[in-house]
Structures are given as structure tokens and as C-alpha cells.
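Enquirer:
Protein chains: 2
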Amino acid sequence: MKDAPVPFTRPPKGGCRYRMTISYDGTGFYGWQCQPDRPTVQEALESALLKLTGETVRVHSCGRTDTGVHARAQVAHFDLAIPREAWKLQAGLHAMLPETVRVPLLRQSVPNFHARYDAKGKEYRYSIWNAPVASPLHRFQALHVRPRLDVAAMRAAAAMLTGTHDFAAFSANPRREIGGTVRTLWRLDVRRQGENVRITAVGDGFLYKMVRSLAGHLIRVGKGVVPVEETGSILRSRRRTARVETAAAHGLCLWKIYYGALPKCPPLC
Amino acid sequence: MKDAPVPFTRPPKGGCRYRMTISYDGTGFYGWQCQPDRPTVQEALESALLKLTGETVRVHSCGRTDTGVHARAQVAHFDLAIPREAWKLQAGLHAMLPETVRVPLLRQSVPNFHARYDAKGKEYRYSIWNAPVASPLHRFQALHVRPRLDVAAMRAAAAMLTGTHDFAAFSANPRREIGGTVRTLWRLDVRRQGENVRITAVGDGFLYKMVRSLAGHLIRVGKGVVPVEETGSILRSRRRTARVETAAAHGLCLWKIYYGALPKCPPLC
Chain A
0 MKDAPVPFTR PPKGGCRYRM TISYDGTGFY GWQCQPDRPT VQEALESALL KLTGETVRVH
60 SCGRTDTGVH ARAQVAHFDL AIPREAWKLQ AGLHAMLPET VRVPLLRQSV PNFHARYDAK
120 GKEYRYSIWN APVASPLHRF QALHVRPRLD VAAMRAAAAM LTGTHDFAAF SANPRREIGG
180 TVRTLWRLDV RRQGENVRIT AVGDGFLYKM VRSLAGHLIR VGKGVVPVEE TGSILRSRRR
240 TARVETAAAH GLCLWKIYYG ALPKCPPLC
Chain B
0 MKDAPVPFTR PPKGGCRYRM TISYDGTGFY GWQCQPDRPT VQEALESALL KLTGETVRVH
60 SCGRTDTGVH ARAQVAHFDL AIPREAWKLQ AGLHAMLPET VRVPLLRQSV PNFHARYDAK
120 GKEYRYSIWN APVASPLHRF QALHVRPRLD VAAMRAAAAM LTGTHDFAAF SANPRREIGG
180 TVRTLWRLDV RRQGENVRIT AVGDGFLYKM VRSLAGHLIR VGKGVVPVEE TGSILRSRRR
240 TARVETAAAH GLCLWKIYYG ALPKCPPLC
């Protein structure tokens with residue numbers, strides 16, 4: 000679901016806007032967004048900032064990740080009424096935050112930087128451990144798929160999904176998508192390295208649970224449950240049905256947000 | 000420390016020997032070897048086998064890993080007085096074991112197979128997350144090193160360590176090494192991929208904490224704390240001193256055991 004628009008604000012007079020990159024292990028969190036009585040990444044950051052600065056701060060991220068989804072480089076912005084040195088804030092956050100959340104980059108930004116509205120694109124990676132037996136070392140960050148996946152078939156299906164399409168069939172809630180269901184997938188790649196199969200999705204935006212739906216579909220194609228050709232008919236149907244499965248959250252990682260320069264993607268750009 | 004020799008036994012008459020590959024997340028274990036009142040991998044396997052078969056079984060591994068060290072493919076053997084189908088044992092183990100231990104391969108072996116004595120070599124990998132800020136997604140399986148490591152210097156030092164040497168200076172307990180302290184390192188590699196720096200060590204055998212000592216030394220070289228040239232003098236000294244640090248256990252993973260064919264290693268073989 001595309002997030003509902005938030006009013007575009009500026010930092011208070013004399014205050015300052017900050018931009019940060021956040022890395023988190025989603026295992027123990029109920030996703031990004033604040034929820035009553037449940038640990039979320041946004042809540043962890045906001046309460047750490049409150050303790051540090053005494054200010055009640057709202058942290059706006061580029062995208063809200065679901066329960067269990069990880070992030071290598073989520074981006075967010077927030078405002079402080081009383082400006083502070085960025086490196087001190089960063090060090091303070093690392094003292095306050097659990098070790099499941101780190102802030103590899105924090106700096107003052109221009110006052111009109113907006114983590115969501117300024118983003119040109121996003122990259123997600125979906126990891127699969129493809130072997131008859133699960134891997135203890137990958138269990139929190141990769142989906143275990145027993146039967147050998149046909150990566151060539153998955154790639155053929157992925158090629159049919161690349162480009163600008165109405166992805167309603169790959170949204171978990173197409174009716175609630177604000178701004179319609181057309182998106183551009185610049186890149187949808189499948190690579191195998193031994194038992195690791197990785198799906199990379201780069202696009203200008205993603206519908207609600209879209210990457211997990213794309214991954215779920217590609218996995219069924221790789222298993223031979225769905226023929227490659229059905230990909231086109233599912234996409235054209237623009238209806239979400241049981242033909243598309245949503246792959247488990249723990250395999251997904253928000254890899255990168257693109258601001259400024261667009262990603263270089265051989266198939267389209 | 001090279002393990003003390005165990006008497007070479009055969010399976011009981013009418014019984015059967017089994018060989019298995021074991022993968023484990025070492026985080027929650029006090030290493031491989033049984034210890035009173037502490038969770039170890041050996042104890043987990045032996046108690047699962049007892050529950051499954053009613054037999055008190057000793058599981059002999061190729062090498063005993065220390066507390067916190069992981070394994071992608073440890074190899075072990077054990078005997079049963081009453082033979083059972085290997086696939087049933089494997090399925091039973093997966094039902095009994097915690098998900099931190101898996102057995103990707105289990106089969107009946109020849110009665111004189113010995114996980115330790117038949118091994119020709121071992122491969123370990125040591126993982127480093129090399130960035131100013133730690134990574135929540137790598138925190139249990141890579142050592143966090145803040146300053147940028149000079150991989151070229153680490154490689155130059157690694158080249159001086161490759162080959163057949165007396166590695167007493169890289170053993171945590173050189174006096175207790177049974178069978179002396181001479182070993183052959185077929186390969187000692189350092190590679191960077193973004194923030195990930197990986198040390199690969201392949202050899203005919205390793206002294207007590209030898210890989211972690213090699214990693215600790217290479218990291219100090221990479222930081223510029225120890226000059227590359229000191230590697231030779233440390234090695235030749237054959238004395239373990241504070242000049243060599245033991246890198247933390249959680250970065251280490253027992254990657255592979257070589258039986259039969261020796262690994263292909265460009266520098267030496």
C-alpha cells in the first residue's frame with residue numbers, strides 16, 4: 000500500500016532537519032511504523048531521540064517495512080527545534096538503541112529534504128536458502144525452499160515483469176493503493192550462488208507487499224508449480240488472486256534508496 | 000590444540016557406522032565438545048540420537064570448534080548397534096534437534112571411516128564487517144572492525160604465512176600440541192566485497208585457535224598496527240606472544256572438510 004501522504008513540513012524556525020541511513024534486523028520488530036505496545040523501529044528511534052534531546056520527534060522514513068522485514072539502508076529524516084551536532088546525535092543514538100538498529104550515516108540536511116518524496120527509486124533483495132535441509136546460519140535472513148529452483152525459468156518470468164506495468168495483481172491490497180497501481184520495475188533479477196538464490200528488485204516504487212508477491216510468484220515458477228507463461232496473464236488480469244503467493248517477510252531486505260541519480264539497470268535504462 | 004588421539008574403534012558386530020555433515024549456528028553453544036551442564040553441539044546430537052534410537056551414542060567430529068564458532072559443514076561419524084535407515088535417522092534428528100543444528104547429509108559409511116583420521120584438510124572462513132558503524136544483520140557472524148583495513152597489506156602478510164611452517168607462534172597453547180606445531184597452509188586469502196572482508200584458510204590441519212590467531216594478526220596488519228614485515232619474524236620466533244591477537248570466535252566458520260581429493264589451491268598445489 001502506498002503510504003498516505005503526510006503534510007510537507009519544514010523544520011521549526013531556528014531548528015534543523017537531519018537525514019539518516021538506518022540498518023536494522025527486522026526479526027524482533029513489528030515492522031517500521033509505531034504501534035501501541037509493540038516494538039517497532041520507528042518507536043525505537045523516536046524514543047532514543049527523546050531521551051537524547053528532550054524533544055518529541057517524528058522520524059519519517061522513505062518506506063514502512065513490514066513485520067520481520069530487514070533493512071540494510073533505510074533512509075529517514077527528522078527535525079530538531081534546537082540544532083545539535085550530527086556526530087554527537089549519531090554517537091548518542093548508538094548508545095541508546097538496541098544493537099538490532101544502527102545508524103551508519105546521520106547528517107544535517109537541507110530543510111526541504113524529504114526521505115519519501117525525494118526518493119527516485121528503491122532496491123529490495125529477497126534471499127532464499129535453496130537446499131533440501133535448512134541452514135542454521137541463514138534461518139533469520141533467507142526463506143528456506145526445499146525443491147531445487149529452476150533459476151532460468153524464474154529469470155524468464157522476471158523478464159516479463161520488468162518495465163512499466165499495472166502491478167495490481169502483485170499488491171496485497173490493490174484497492175487501497177493511493178496513486179494507482181502502475182509502477183516501473185527497472186530491474187528484476189534472479190541469481191544463484193550455490194544454495195543461495197537472490198532476487199533483486201529495483202523500481203520507482205512498490206505497492207503493498209509487492210516485492211514479496213513478486214518473490215512468491217517467482218518461487219512458484221522456479222518450483223514448476225506455475226508455468227512461466229502464466230506470468231503475463233496474471234499481470235494482465237490486474238486482479239490479486241490465490242495464484243500469487245506472498246513470500247515470507249524474513250527473506251526480504253530493503254537494500255538501498257535512490258536519491259538523485261537513478262540506478263543503472265541494463266534492461267531498461 | 001590438536002585433539003588427543005581416540006582409540007580407533009569399529010562399529011559393534013551387526014551394527015553400522017554413519018557419516019554426517021552438520022551445520023550449526025555456534026552463537027548459543029559452548030562449542031562442539033560435551034561439557035557438564037552446558038549446551039554443546041555434540042551433546043545436542045548425542046541426546047537426540049539417544050531419544051531416537053535408545054542407544055547411547057558417541058558422535059566423533061572431525062574437529063572440535065570453540066564456543067561461539069559456527070560450522071557450515073562439520074563432519075562426524077557414529078555407530079549404532081542396531082542399523083537403521085539413514086533417511087529416517089536424518090528426519091528424526093531434524094525433529095529432535097534445535098533449529099540451530101541441521102544435518103544436511105547423513106548416510107551409512109564403510110565401517111572404518113573416521114571423521115578425524117580420514118580428513119585430508121580443512122577450510123575455515125573468517126568474516127569481518129569493516130565499516131565505521133556495526134551491521135545489525137552481520138552481528139552474530141562477523142567481527143566488527145571500525146578502521147578501514149588495508150587488504151593489500153593483509154594479503155602480503157598472508158602470503159608469508161602460506162606454506163609449511165612451524166606455526167607455534169599462532170597457537171594459543173603451543174606446548175600442548177600433540178604431534179608438533181608444523182602445519183601446511185595451502186591457502187590463506189583475504190578478499191573484500193564492499194564492507195565485508197573475508198579471510199579463507201585452507202590447510203592440512205590447524206593448531207589450537209590457529210585460524211583466529213592468523214585472523215587476529217592479519218587484522219592488526221590491516222589496521223597498520225603491525226608492519227607486514229613483522230609477520231616473518233613472528234612466524235620464525237615460534238613463540239606465542241602478545242604480538243599475536245586471537246580474533247573473536249563469532250567471526251569464524253568451519254567451512255569444509257576435505258576427504259579424498261585435496262583442495263585446488265593456486266599458490267602451492
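So the protein lines, in turn, are chains A and B. The numbers in numbering that gives the first Met the number 0 rise by one with no breaks, and the one at position 235 of the first sequence is 234. The numbers in numbering that gives the first Met the number 0 rise by one with no breaks, and the one at position 185 of the second sequence is 184. Glycine included, each C-beta is placed from N, C-alpha and C at the ideal position. Remember, it's a predicted structure, so these values are computed and weren't measured experimentally.
Residues of chain A with a CB under 7 Å from the CB of H69 of chain B: which are they?
Expert: What H69 of chain B touches in chain A: L136.
Enquirer: Okay, do the segment 206 to 226 of chain B and the segment 246 to 258 of chain B touch, 3+ Cβ pairs below 8 Å being the bar?
Expert: Touching, yes.
Enquirer: Quick one: using the 10 Å Cβ neighbour count with 16 as the cut-off for buried, is I177 of chain A buried or exposed?
Expert: It counts as exposed.
Enquirer: For the alpha helix (DSSP H) that S232 of chain A lies in, which residues bound it at each end?
Expert: Per DSSP, S232 of chain A belongs to the alpha helix (DSSP H) from E229 to S236.
Enquirer: Could you work out which residues of chain A lie near Y29 of chain B, taking near to mean beta carbons separated by less than 7 Å?
Expert: By Cβ distance, chain A contributes nothing, its closest Cβ being about 16 Å from Y29 of chain B, past 7 Å.
Enquirer: Please determine, among A:F139, A:A167 and A:V189, the residue with the shortest C-alpha to C-alpha distance to T99 of chain A.
Expert: Measuring from the Cα of T99 of chain A, the nearest candidate turns out to be A:F139.
Enquirer: Can you give me the Cβ contacts of A43 of chain A inside the same chain, cut-off strictly under 7 Å, excluding the 5 residues immediately before and after it?
Expert: Result list for A43 of chain A: L96, P97 and V100, in chain order.
Enquirer: As an exercise, report each continuous beta strand (DSSP E) stretch of at least 3 residues that is fully enclosed by the segment 187 to 256 of chain A, in chain order.
Expert: As far as the segment 187 to 256 of chain A is concerned, its whole beta strand (DSSP E) runs of at least 3 residues are 195 to 202.
Enquirer: What residues match up with K79 of chain B in a beta bridge as DSSP calls it?
Expert: Sequence inspection shows Leu at residue 79 of chain B; the Lys mentioned does not correspond to that position. According to DSSP, which records beta bridges pairwise, L79 of chain B is partnered with B:C15.
Enquirer: Against chain B, does V58 of chain A count as a neighbour if the rule is that its beta carbon must be under 7 Å from one of theirs?
Expert: Chain B contact via Cβ: absent.
Enquirer: Skipping 5 residues on each side, what residues in its chain have a beta carbon closer than 8 Å to that of E228 of chain B?
Expert: Closer than 8 Å at the Cβ level, and outside the excluded window around E228 of chain B, lies no residue.
Enquirer: Quick check on H93 of chain A: does DSSP put it in helix, strand or coil?
Expert: It is helical.
Enquirer: From the DSSP output, in three-state form, read off K119 of chain B for me.
Expert: Note: K119 of chain B maps to coil in three-state DSSP.
Enquirer: Which residues of the segment 80 to 106 of chain B have a Cβ closer than 9 Å to any Cβ of chain A? Give them in chain order.
Expert: Within the segment 80 to 106 of chain B, the qualifying residues are Q89, H93, P97, E98, T99, V100, R101, V102, P103 and L104.
Enquirer: Within its chain, find whatever has a CB closer than 7 Å to the CB of A85 of chain B; leave out the 5 residues flanking it on each side and keep chain order.
Expert: Around A85 of chain B: Y17, L105, R106 and Q107.
Enquirer: What three-state label does DSSP hand C268 of chain B in the structure shown?
Expert: Its pLDDT being 40, under 50, C268 of chain B is placed unreliably by the model, and the measurement read from it follows with that caveat. It is coil, neither helix nor strand.
Enquirer: Which partner residues does W128 of chain B have in the DSSP bridge list?
Expert: Note: W128 of chain B sits in a beta bridge opposite B:H143 and B:N195.
Enquirer: Looking only at its chain, what residues have a beta carbon closer than 6 Å to the beta carbon of A260 of chain B, apart from the 5 residues adjacent to it on each side?
Expert: So no residue of the chain qualifies.
Enquirer: Per DSSP, what kind of secondary structure is Y258 of chain A in: helix, strand or coil?
Expert: If DSSP states are grouped into helix, strand and coil, Y258 of chain A belongs with coil.
Enquirer: When you compare only the Cα positions, how much space is there between A156 of chain B and D78 of chain A?
Expert: Their Cα atoms are separated by approximately 48 Å.
Enquirer: Is W185 of chain A helix, strand or coil when you go by DSSP?
Expert: It is a strand residue.
Enquirer: Can you give the beta carbon distance from A141 of chain B to G250 of chain B, rounded, assuming they're within the 8 Å contact cut?
Expert: Contact holds; Cβ gap of about 6 Å.
Enquirer: Assign L49 of chain A to one of three DSSP states: helix, strand, or coil.
Expert: Of the three classes helix, strand and coil, the one that applies to L49 of chain A here is helix, per DSSP.
Enquirer: For chain B, check one thing: does any of its Cβ atoms lie closer than 7 Å to the Cβ of D24 of chain A?
Expert: Answer yes: the Cβ-Cβ gap between D24 of chain A and chain B drops below 7 Å somewhere.
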